[in-house]
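The sequence shown runs -25 to -1, 1 to 90 under mature numbering (1 follows the signal peptide of the UniProt record, and there is no 0). Even glycine gets a Cβ: it sits at the ideal position worked out from N, Cα and C. Please read these numbers as outputs of a predicted model, since none were measured by experiment.
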Amino acid sequence: MELARSMAFFPLLALSLWSVLPASGSNDALDCCLRTSQVPIPRKIVLDYVVQRIHDGCPIHAVVFITVRGKQLCAPPHAHWVRRLTDRLDSVYQSKVRVTAKPVQSPRALGEQQR
């Protein structure tokens, strides 16, 4: 009887471990920069950027610039030109948010104004 329980338990254990553990040979670093370039990237070809961090599973810290053609260019996060470019992109994004954002009034506030 004990052997029958054990035989039923092991396939369930194997199935649960298989669903939790990553597949062998999977490459979690596939989308990570492995090195960076010191060559400055022109602002006119950059749409956005993402910060890559070591604690997210990547081997190095990097700033990944996304170009208008969809390319991902890896840059060193502490380089002066990288900080200038990310600050410029942040300010452009903030100004677009300010221009397109409209104050929203609650239905209650609209009802009180009509009275």
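Tell me which residues share the same chain as residue i and place their Cβ nearer than 6 Å to its Cβ, disregarding the 5 neighbours each side in the sequence.
| i | result |
| --- | --- |
| TRP56 | PRO15 |
Could you tell me whether the Cβ atoms of residue i and residue j are closer together than 8 Å?
| i | j | result |
| --- | --- | --- |
| ALA54 | GLN27 | no |
| ASP23 | LEU64 | yes |
For residue i, count neighbouring C-beta atoms within 10 Å of its own C-beta (all shown protein chains included) and say buried if the count is 16 or more, exposed if not.
| i | result |
| --- | --- |
| TYR68 | exposed |
| VAL25 | exposed |
Helix, strand or coil: how does DSSP classify residue i here?
| i | result |
| --- | --- |
| THR42 | strand |
| ILE47 | Note that residue 47 corresponds to Gln in the displayed sequence, not to Ile. GLN47: strand per DSSP, three-state reduction. |
| LEU60 | helix |
| GLN69 | helix |
| SER(-2) | Confidence in SER(-2) is poor, its pLDDT being 45 and thus under 50, which makes the residue's placement unreliable; the coordinate value appears in the next sentence. Correct three-state label for SER(-2): coil. |
If you drop the 5 nearest sequence neighbours on each side, which residues of the same chain put their C-beta closer than 7 Å to that of residue i?
| i | result |
| --- | --- |
| ARG36 | Residue identity differs from the one stated: residue 36 is His in this sequence, not Arg. The residues are GLN27, ARG28, ILE29, PRO52. |
| residue 101 | This structure does not reach residue 101, given that the chain is present from -25 up to 90, and the question cannot be answered. |
Any heavy atom of the ligand FMN closer than 7 Å to the CB of residue i?
| i | result |
| --- | --- |
| GLN47 | Within the structure as shown, the ligand FMN is missing, as the structure has no ligands at all. |
Less than 8 Å between C-beta atoms, sequence neighbours within five positions excluded: which residues of the same chain meet that for residue i?
| i | result |
| --- | --- |
| ARG10 | ILE35, CYS49 |
| ARG44 | ILE20 |
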